[in-house]
Structure formats: structure tokens, C-alpha cells
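J.: Here you go, one structure.
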Amino acid sequence: MATQKKLIHEQWSSRTAFILAATGSAVGLGNIWKFPYITGENGGGTFVLIYLCCVALIGIPIMIAEIMLGRRGKQSPINTMAALAREEGRHPGWKYLGWMGVIAGFLILSYYSVIAGWALAYVFRTGSGLFLGATADGVNSIFNDFVGDPEKLLLWHTLFMVMTMVVVARGVKNGLETAVTFLMPMLFVLLLVVVIYAMSTGYFYQGLEFLFTPGKITGKAILIAMGHAFFTLSLGMGAIMVYGSYLTKDHSIVQASIVIALADTLVALLAGMAIFPVVFANGLQPGAGPGLIFQTLPIAFGHMPGGTLVGVMFFTLLVFAAWTSAISLIEPAVAWLVENRGHSRVYASVVMGIMTWLVGLGTIFSFNIWKDVTWSIPFLFKNYRFFDTLDYLTANIMLPLGGLFIALFAGWIMHKTSSSDELATTAGIYKTWRFLVRYVAPVAVIIVFLKAVGAV
Ligand code: PHE
Numbered sequence: 006m007a008t009q010k011k012l013i014h015e016q017w018s019s020r021t022a023f024i025l026a027a028t029g030s031a032v033g034l035g036n037i038w039k040f041p042y043i044t045g046e047n048g049g050g051t052f053v054l055i056y057l058c059c060v061a062l063i064g065i066p067i068m069i070a071e072i073m074l075g076r077r078g079k080q081s082p083i084n085t086m087a088a089l090a091r092e093e094g095r096h097p098g099w100k101y102l103g104w105m106g107v108i109a110g111f112l113i114l115s116y117y118s119v120i121a122g123w124a125l126a127y128v129f130r131t132g133s134g135l136f137l138g139a140t141a142d143g144v145n146s147i148f149n150d151f152v153g154d155p156e157k158l159l160l161w162h163t164l165f166m167v168m169t170m171v172v173v174a175r176g177v178k179n180g181l182e183t184a185v186t187f188l189m190p191m192l193f194v195l196l197l198v199v200v201i202y203a204m205s206t207g208y209f210y211q212g213l214e215f216l217f218t219p220g221k222i223t224g225k226a227i228l229i230a231m232g233h234a235f236f237t238l239s240l241g242m243g244a245i246m247v248y249g250s251y252l253t254k255d256h257s258i259v260q261a262s263i264v265i266a267l268a269d270t271l272v273a274l275l276a277g278m279a280i281f282p283v284v285f286a287n288g289l290q291p292g293a294g295p296g297l298i299f300q301t302l303p304i305a306f307g308h309m310p311g312g313t314l315v316g317v318m319f320f321t322l323l324v325f326a327a328w329t330s331a332i333s334l335i336e337p338a339v340a341w342l343v344e345n346r347g348h349s350r351v352y353a354s355v356v357m358g359i360m361t362w363l364v365g366l367g368t369i370f371s372f373n374i375w376k377d378v379t380w381s382i383p384f385l386f387k388n389y390r391f392f393d394t395l396d397y398l399t400a401n402i403m404l405p406l407g408g409l410f411i412a413l414f415a416g417w418i419m420h421k422t423s424s425s426d427e428l429a430t431t432a433g434i435y436k437t438w439r440f441l442v443r444y445v446a447p448v449a450v451i452i453v454f455l456k457a458v459g460a461v
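In the working numbering, each residue carries its 1-based index in the sequence shown increased by 5.
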């Protein structure tokens, strides 16, 4: 039976609040900015198919495991892992899994905030009519001038970090819950508007074809697809675990996980359907890289009727999506500072925010003064800048590794009685989950790792 634990943090006020918050964490830049550009870079259909398989076979079982561990531990991922290891009579070293997560979240947020800053800037740029009648070259040079100016990027990065700190400092109910209850439904509506526009371009079918027609694939692309499944579902670093720790006992974890994963996948596919038709309608390149949505969509916004309004809505949507994810990236660290150092939430949020902001400078400079500073690691990557390196290390290595250990802990280390007590589901569902989390997910992650370094 679960032991009674003293609650340090607040709890979600309802199951809906938890689902909204976790969906808010999952749906972010990953769905709207990253998914389209990595799909474009990695050839489309096959990449999407592998990503979908990873979500179903690895993502959902690990999400169930992560929420379960969080709810049983009731604390930040570091202390949750320590407490659960103790409770199960296992090695205390499992707490380092929590540490890896906190570090991964911190590193991800450092660049996440810079990109979210681009989105913030583009709300105003689109709103000012800057892109009205612009050509592809014009939009391209506007984007290049923008990312080439470290001061501008710094301003928007700072603003976004302040927005994040304010919400996190206000706490679970007043901050996190209020923000997501308002932002998530709005986000769905705004995305649908852009998809409806995409349908009117006459290139909707080409967009679908690109997203769903299989082609060639490389080992590295498979790793990127799997890493993205973790990234987009917010798995492997404790964000979902810490949200699970604010969840009360009487709700079904399995059901919630499926709803969250479906909503996240739907948003990514809708984003693809919103973006690729516009890309093809304007003769643009799907493989344009991190600038894809910023270099391509403004052309469309500059030419379509009501484009200024649709453009402003689109980038606002992106900011909202990023905001509700950013708060979950920093929450594990903030919760830990509150638990172990006795700091107030406000102090903990500000300290973590400033540290993250500082590391973010590296990403800012990657697009301008450090543009040519690159390095390579054999078998892993070639000529990566600071930003690419952080993105690669966190999304493709740290998150899958964290997820692997979460699966191993939930499937092999934790006693069966504990996990079945916590999940409280039917025998059939429990058995299926346990099989996926013990065998399928760990083996899949290991195979993809080996394939990416060319070992198999
Ligand atoms: N899931 C978020 C996105 O898709 C990013 C994220 C990753 C958030 C890991 C929390 C933890 O943008």
C-alpha cells in the first residue's frame, strides 16, 4: 500500500486541470516549430510514421510510468526517485535519474526561450504589417537580419523568461493552472483557423502527401524521430513526473496519458497540415531548418486576405504553446529548490530563471557572433553550433536515456504490487502496459541508439 506522504506542494484542483496542464506541457514549440522542420529535413512520410510508432509503443507506456512514479513519490523528480528507491528497498543512486532530468530541463529551456522569443517578436512584426506584399527573398532577409542581431534576440529571450518566471512563481494553482485553463482551448481554436486557410491554398493535398507518403530513411533520422517523440510528449526529464506528483489519487493515469498523447499528436499533425500546404503553394523548401516557419509563413501571411490577422494569431498561438511548456521545463528544478533548500517559489523561480537566461546567451550567439564556431563528435554529429549541440544532446540523448531508465525503474525495479496499486486499472491493461514498459520500450530505445551510432 502507498505510504502517507506529507504534501509540500499544492495539488491540481481536478483531473481536467491535470490533463490541460500536461497537454500544455506536451504541446509546444516541439509540435509547431520543430515537428514541421525536422520532418522537412528528414524527408517526410517515413519520418512521420516512425515518430507515430515511437509515440504509441514507447511514448505512451513511458508517460504512464512517469505520471505513476510522480504521483507515488509526491515530490520533485529528484526526491521522488530517492523516496521510491527507498520505499522499494533499492539503491539510492536512482535519484540521479531525477538530477539528469533537472539538468535536461534547464538546458532545453535555455534554447527554448530563445526560439519562443522569435515567436514573440513575430507577433509584433506581423502585426505591424512588415510582411505585407513581401517576397520570399524579402522575408528571408528580414529573418536573417533578425537572428543576426544579438541585441534583438536578447530582448525577446529576456521577455519570454520573465513571462515564464512570473507564472511559475505564482504556484501550481494560481500560476500553472490558471494559465493553462485559459491558454489551451484558445490554442486549438487558433490552430484550426490556420489549417482552414491552408485548405484554401489549393496545395492541401501536396501537404498531406508530403506528411504521409513513405520514402527513404537513415539511422540518424530514426534517432531524431524517437528523440522527438520524447521531446514532444515532455518525457524523460521529470516534467510529466512533477505534474503527476500534483495529481490526486482518484484519477486514472492510463486514460489521462492516452488523452494527452492523442491531443499532442493531433496538434503536431494539424501544424504540419497548416504549414506544408503554404510551403508548397509558395514554391518554398520544406527542409529550410529551424527558420522554416519564420521564413516561409510570413510570405503567406503577407499575401493572403486577412493575412495580418491570421499571422498575428498564428504567432500568438506559438507563444502560448511555448509558454505552457516552458513552465513545465523549469518546474522540477523549482520544486526541488523549494523542498531541499526551503526557498519560496518566487525566489526559486527567479534563481532558476536567471541561470537559464544566462545559458540561453549561447543559443543567441549561435545565430550571429558564434555562427561559425562549430564542432563535431564522430558518429553523432558534424559541424554543430552551440544551439544544435544542446538540442541534439538533450532531445536525442538525454530524454531517451531518461525515458529508458524510467521504464526500467517502473518495469523492473519497482515491485509489481506497487505499480498495480498505483495504476489501479484492469488486469488486461496493466499486463499490456507492463509488457511494453519492461520489454518493448527499453529494447526499442537501445536499438535506436545502436542504429544511430552505426553499430547495427
Ligand atoms: N513538449 C514540449 C514541446 O513539444 C517541450 C518539452 C520537452 C517540455 C520536455 C517539457 C519537457 O515543445
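The beta carbon of each residue, even a glycine, is placed where N, CA and C say it ideally should be.
A quick note: this is a predicted structure, and the numbers were derived from the prediction, not measured.
For Gly153 and Thr361, what's the separation of their Cα atoms in angstroms?
T.: If you take the alpha carbons of Gly153 and Thr361, they lie about 21 Å apart.
J.: Apart from the five residues just before and just after Leu381, which ones in its own chain have a Cβ nearer than 8 Å to its Cβ?
T.: Residue identity check: residue 381 is Ser in the sequence provided, not Leu. Correct list, in chain order: Lys387, Asn388 and Tyr389.
J.: For a test of the three-state rule: what should DSSP assign to Lys221, helix, strand or coil?
T.: Lys221 falls in the coil class under three-state DSSP.
J.: Using 10 angstroms around the beta-carbon of Tyr101, count the other beta-carbons present and answer buried if the total reaches 16, otherwise exposed.
T.: Answer is exposed; the Cβ neighbour count stays below 16.
J.: With a CB to CB cut of under 6 Å and the five nearest residues on each side skipped, what residues in its chain are close to Leu195?
T.: For Leu195, where only same-chain residues beyond five positions count, the Cβ hits under 6 Å are Met318 and Leu322.
J.: Under three-state DSSP, which class holds Lys13?
T.: Going by the sequence as given, residue 13 is Ile instead of Lys. Of the three classes helix, strand and coil, the one that applies to Ile13 here is coil, per DSSP.
J.: If you check the beta carbons only, do Met189 and Gly29 fall under 8 Å apart?
T.: Contact flag set, yes.
J.: When the cut-off is 8 Å and only beta carbons count, does Lys157 lie next to chain B?
T.: Judged by its chain identifiers, the structure shown contains no chain B, having just a single protein chain.
J.: Any heavy atom of ligand 1 closer than 7 Å to the beta-carbon of Phe306?
T.: Flag unset: Cβ of Phe306 not near ligand 1.
J.: Hey, how far is the Cα of Ala466 from the Cα of Ser333?
T.: What the structure shows of the chain is the stretch from 6 to 461, and residue 466 is not part of that stretch, so it cannot be assessed.
J.: Secondary structure at Asn145, three-state DSSP: helix, strand or coil?
T.: Helix at Asn145.
J.: Tell whether a beta-carbon distance below 8 Å holds between Val171 and Glu336.
T.: No, the Cβ-Cβ distance between Val171 and Glu336 is not below 8 Å.
J.: Determine the direct distance from the alpha carbon of Asn287 to that of Ala353, and round the result to whole angstroms.
T.: Rounded to whole angstroms, Ala353 to Asn287 spans 47 Å at the Cα level.
J.: Using the Cα positions of Gly64 and Pro310, report the straight-line distance between them to the nearest angstrom.
T.: One C-alpha to the other measures close to 40 Å.
J.: Return the first residue and the last residue of the alpha helix (DSSP H) that Lys387 is part of.
T.: That residue, Lys387, is in no alpha helix (DSSP H); its beta strand (DSSP E) goes Phe386 to Tyr389.
J.: With 16 as the cutoff for other CB atoms within 10 Å, does Thr8 come out buried or exposed?
T.: Confidence is the limiting factor: at Thr8 the pLDDT is only 43, short of 50, which leaves the residue's position unreliable and the question unanswerable from this model.
J.: To the nearest angstrom, how far is it from the Cα of Gly296 to the Cα of Thr430?
T.: Straight-line Cα distance between these residues: approximately 44 Å.
J.: Taking 7 Å as the cut-off, is the beta-carbon of Ile227 closer than that to any non-hydrogen atom of ligand 1?
T.: Checking the Cβ of Ile227 against ligand 1 gives no.
J.: The beta strand (DSSP E) that contains Ile382, what's its start and end?
T.: It spans Trp380 to Ile382 - the beta strand (DSSP E) in which Ile382 sits, taken as one unbroken run.
J.: Looking at Trp341: is its Cβ nearer than 8 Å to the Cβ of Ile83?
T.: For Trp341 and Ile83, yes; Cβs fall inside 8 Å.
J.: Figure out for me which residue from Pro447, Pro383 and Leu289 has the closest Cα to the Cα of Asn145.
T.: Of the candidates Pro447, Pro383 and Leu289, the one whose C-alpha sits nearest the C-alpha of Asn145 is Leu289.
J.: Specify, as a first and last residue, the run of the alpha helix (DSSP H) that His96 falls within.
T.: Here His96 belongs to no alpha helix (DSSP H), and DSSP marks it neither H nor E.
J.: Restricting to Cα atoms, I'd like to know which of Asn179, Trp375, Tyr444 and Leu385 is closest to Phe392.
T.: Selected option, being the one with the closest Cα: Trp375.
J.: With 16 as the cutoff for other CB atoms within 10 Å, does Met191 come out buried or exposed?
T.: That one is exposed.
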